[in-house]
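Here the structure comes first, spelled out in structure tokens, and everything after it is commentary.
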Amino acid sequence: MSTARRRMTAVAAAALSGALLLTSCGGSDGGGGGDGRTLRLWHYEGPDSAMGVAWNAAIEEFERTHPGVEVEFEEKGFEQIRKTAPMVLNSSDAPDLMEYNKGNATAGLLSKQGLLTDLTPEVTARGWDKKIGAGVRTTSQYDTDGVMGSGKWYGVPNYAEYTMVFYNKDLFAEHGIAEPTTLAELTAAMDEFVEADITPLANAGAEYMAQQYLYQLALSKADRAWVNAYELYQGETDFHDAAWTYGARTFADWVEKGYISEKSTGTKSEDAGVSFIQGKAPMLFSGSWWYGRFQAENQFDWGTFPWPGTDLTLGSGGNLWVVPEGAKNKELAYDFIDITMSEKIQNLLGEKGGVPVAADPTAITDPRAKELIADFNTLSEKDGLAFYPDWPVPGFYDVLVSETQKLITGGSDPDAYLDAIGEAYEKDAPKR
Amino acid sequence: MTVTVERGSAAGGKRHSGGAAHRPRRPGDSYALFLLPGALAFLAVVVVPFLMNTGVSFTDWQGVGGPEWSGLANYRELAGDEDFWASFRHSLFMVVAMAAVPTALGLVLAAALFDFVGKHFGGRVTAVLRACFYLPQVLPIAVAGIVWSWILAPENGSLNESLKAVGLGGWQQDWLGDPDLALYTVMAVMVWVQLGFPLVVFMAGLQRVDPALYEAAELDGAGWWRRFRHITLPQIRPEIHVVLLWCTIAALKVFGAVYVLTKGGPGGATDVPSYFSFTTFFEKTQVGYGAAISTVLTVLVLALALVGLKLQERTDA
């Protein structure tokens, strides 16, 4: 064989082998096949969480009502789905139904790219829109730019979430402090704890918790138009207005006063939660996602109260059920969503410490769960869900973590903080 | 009598007469086939993805939908991105922590274990100590990182608690949360992680040094330090080159430790290029820009590797 031919043969062999190698790395059919016999389902709720328990019950119910149909459930991690969803949905491996994060940078982005199915016809035909309140549905609908709040339905949330102050009743009683109902009473209580050499608020500067304290402080001086301007771009956002300035300055002041530890910059939310569970921190301001954990692990009497002196707090509909555009068994996916919206599953979700969107309040028996749901209903009725501070632009979460850390350490002052987050926001927010 | 066996013939190669195809087979020919699977795998998992990544770096893309050609825009933005350059400055600190310090410490420790511990306490004690130093290399960085984050926690962390217990409460620090301290803390952890690798390589290198050299030097009255300088160092120079090159590349690519310990914080104080690229890709969904960062990083690592290999060849020649 001549050298040239040998080279040609070698190149052809290499190309063929490469193609075979790449093919072997490629995706398979995925098992659904569009035969109506299999529902491929992905979600990332822990099996012991309220949602995990409810979805498992929904799978049983689905298999009972769909004889001969198999549910292929794959448990995924939150980060796993968050980081790989666009690639998966772009491939032939997309499941029929999956849980996905809500917000402009996630579900909004995928809907804009045509990777999610428009659920509007099903939502109206099956009456899901009647069950989901206005505040909760904001994260379900996205316009053609992928901005939440209006447009077609691309996801259905079965639960909601909101923030509150979790407090250790035993520790309060030990120091003779009553449950605060106003901001003045809250700061007086924190002064008492600082006096007793106890840091009153658990915090995690390395993750979401610190930025949520600051945003809540800003919300206490804000209104719905302010939130809509910031989150939905329905107006100008001035990062040096009264609300943002109050939030940043008060937060820095609270670190200075010792309400929030200046050593919490590197702390993760798990550490903060554990310090509350261990009875070291008397208060923790965070979301209803902690509720089931505290119910299971707290060894002391505890309770919750809404952040005092505000109509707005962080919260929204929960994560969404979305149906990928490439799903093979969409009808089965709609049937499954319908089951999760049923009163039976919704009541179970509420009983286990979740915040259902369509439960029968009288069917919930656990007193703390009743209180949780009642507080949410009050908040929802007064249109008090103000979403989360990191939602408006992609990557804003990291900016907020980083800048809030600097605020805690004194590496930047409130004005510099507001300049920095304002600059990051303006850089990536859609121009309208 | 000398018998020469032609490799091609021994392998059963056909002989033809005349033309370029009939040149005698070179010894390497029969091995080329064995390199093919590796070459194909390298092509599939390194070359092709790298070329694709480079292509993406010339686009404005969010990871889904169609990428838009943007030419050199990402590279122009990169040139003026202060966060990117800060992350590279941190990389230089990582080179100190993961290459310079472990190599220097590893040399001294290897020589001490070989010369002193080996002679006075025996091979078994030396092997145990060597294994102890090497243990962090075996531990997954995710596990080691979580354990270190417990040790270094500002409140209830075992380091701060230990300092308090021995009356050094004033030395307690927010090791990973203080922006002035966090990078040095991560560096210290990386020294711990990295130290075992040079130590083991150097100890293996010391095994092949002729003991007669040391004996002669001892007879001439050379002390430990002189023997270390004039025998140990020159004799294991190839190992030092390999370790330095390997560890420098590892330092430039470091990701896991930063991800687990600090996530680049506080306030970007420990950000490194690979983590910066990761957050740009997945958090900001600026895939084109993230690809530009990783392309620059890859080119830099390749250039460094080539320069290192060239230098090594020149020194060894």
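Heads up: the protein sequence lines correspond to chains A and B, in order. Take the first sequence: its position 274, counting from 1, is numbered 274 in UniProt numbering, and each next residue is one higher. Take the second sequence: its position 228, counting from 1, is numbered 228 in UniProt numbering, and each next residue is one higher. Even for Gly, the Cβ is constructed at its ideal location relative to N, Cα and C.
Query, Result
"Pair every Cβ in the segment 206 to 223 of chain B with every Cβ in the segment 58 to 75 of chain B, then say whether three or more of these pairs are closer than 8 Å.", "no"
"State the start and end residues of the unbroken alpha helix (DSSP H) segment that holds B/Phe-197.", "196 to 207"
"Tell me the rounded alpha-carbon separation between B/His-241 and A/Leu-219.", "58 Å"
"Quick one: what's A/Gln-141 bridged to in DSSP?", "A/Trp-153"
"In three-state DSSP terms, what is B/Asn-53?", "helix"
"Check whether the segment 116 to 131 of chain A and the segment 55 to 69 of chain A touch, using three or more Cβ-Cβ pairs below 8 Å as the test.", "no"
"Excluding five sequence neighbours on each side, which residues of the same chain lie with their C-beta closer than 6 Å to the C-beta of B/Trp-61?", "Pro-67, Val-287, Gly-288"
"Going by beta carbon distance, what residues of the same chain come within less than 7 Å of B/Gly-268, once the five residues before and after it are set aside?", "Asp-83, Ala-86"
"Between B/Asp-81 and chain A, is the shortest Cβ-Cβ distance under 8 Å, so that the two count as touching?", "no"
"Can you tell me where the alpha helix (DSSP H) with B/Gly-256 in it begins and where it stops?", "256 to 261"
"Relative to the alpha-carbon of A/Thr-163, which residue among A/Ala-222, A/Pro-47, A/Gln-212, A/Gly-411 has its alpha-carbon at the smallest distance?", "A/Gln-212"
"Going by DSSP, what residue range makes up the beta strand (DSSP E) through A/Asn-329?", "Where A/Asn-329 is concerned, there is no enclosing beta strand (DSSP E), given that its DSSP letter is neither H nor E."
"Of the choices B/Arg-229, B/Gln-235, B/Val-191, B/Gly-177, whose alpha-carbon is the least far from that of B/Ala-204?", "B/Gln-235"
"Would you be able to state if there are at least three C-beta pairs under 8 Å between the segment 401 to 413 of chain A and the segment 180 to 191 of chain A?", "no"
"Do you know offhand how far residue 433 of chain A's Cα is from A/Trp-128's?", "As displayed, chain A neither begins before 1 nor continues past 432, which places residue 433 of chain A out of reach and without an answer."
"How many whole angstroms separate the CB atoms of B/Ser-301 and B/Lys-253, which I take to be in contact at a CB cut-off of 8 Å?", "Here the sequence assigns Val to residue 301 of chain B, which means Ser is not the residue at that position. Sure, about 7 Å apart at Cβ, within 8 Å."
"If you draw a straight line from the alpha carbon of B/Arg-314 to that of B/Leu-107, how long is it in whole angstroms?", "22 Å"
"Helix, strand or coil for A/Val-71 per DSSP?", "strand"
"Could you tell me whether any Cβ in chain B is nearer than 8 Å to the Cβ of A/Gly-395?", "yes"
"Put A/Asn-56 into one of helix, strand or coil per three-state DSSP.", "helix"
"With a threshold of 6 Å on Cβ separation, who are the neighbours of A/Lys-330 within its own chain once the five nearest residues in sequence on each side are excluded?", "Val-323"
"By DSSP, does B/Tyr-214 sit in helix, in strand, or in coil?", "helix"
"Spell out whether any CB of chain A is found under 8 Å from the CB atom of B/Ala-86.", "no"
"For A/Gly-205, which three-state DSSP category applies?", "coil"
"Expressed to the nearest angstrom, what Euclidean distance is found between the alpha-carbon atoms of B/Asp-271 and B/Asn-160?", "25 Å"
"Please classify B/Leu-311: does DSSP put it in a helix, a strand, or coil?", "helix"
"When the Cα atoms are used, what is the spatial distance from B/Leu-244 to A/Ala-281?", "47 Å"
"Under 9 Å Cβ-Cβ, which residues of chain B neighbour A/Val-255?", "By Cβ distance, chain B contributes nothing, its closest Cβ being about 12 Å from A/Val-255, past 9 Å."
"Output yes if chain A places a C-beta closer than 8 Å to the C-beta of B/Pro-211; else output no.", "no"
"For A/Phe-73, collect the residues of the same chain with a Cβ closer than 7 Å to its Cβ; drop the 5 residues on either side in sequence, then sort them by chain order.", "Leu-41, Ile-59"
"What in chain A is Cβ-close to B/Lys-284, meaning under 7 Å?", "Pro-394, Gly-395"
"First and last residue of the alpha helix (DSSP H) that includes B/Ala-94?", "Here residue 94 of chain B turns out to be Met, not Ala, going by the sequence shown. Element bounds for B/Met-94: 82 to 95."
"Specify the secondary structure class of A/Leu-16 as computed by DSSP and reduced to three states.", "With a pLDDT of 38 at A/Leu-16, under the threshold of 50, the modelled position of that residue is not reliable, and the figure given next carries that caveat. Of the three classes helix, strand and coil, the one that applies to A/Leu-16 here is helix, per DSSP."
"B/Val-143: which of B/Ala-104, B/Val-189, B/Val-101 sits nearest, CA to CA?", "B/Val-189"
"Run through DSSP, which three-state label would A/Arg-40 get?", "strand"
"Assess contact between the segment 169 to 189 of chain B and the segment 249 to 268 of chain A, defined as three or more Cβ pairs (one per stretch) separated by less than 8 Å. Is contact present?", "yes"
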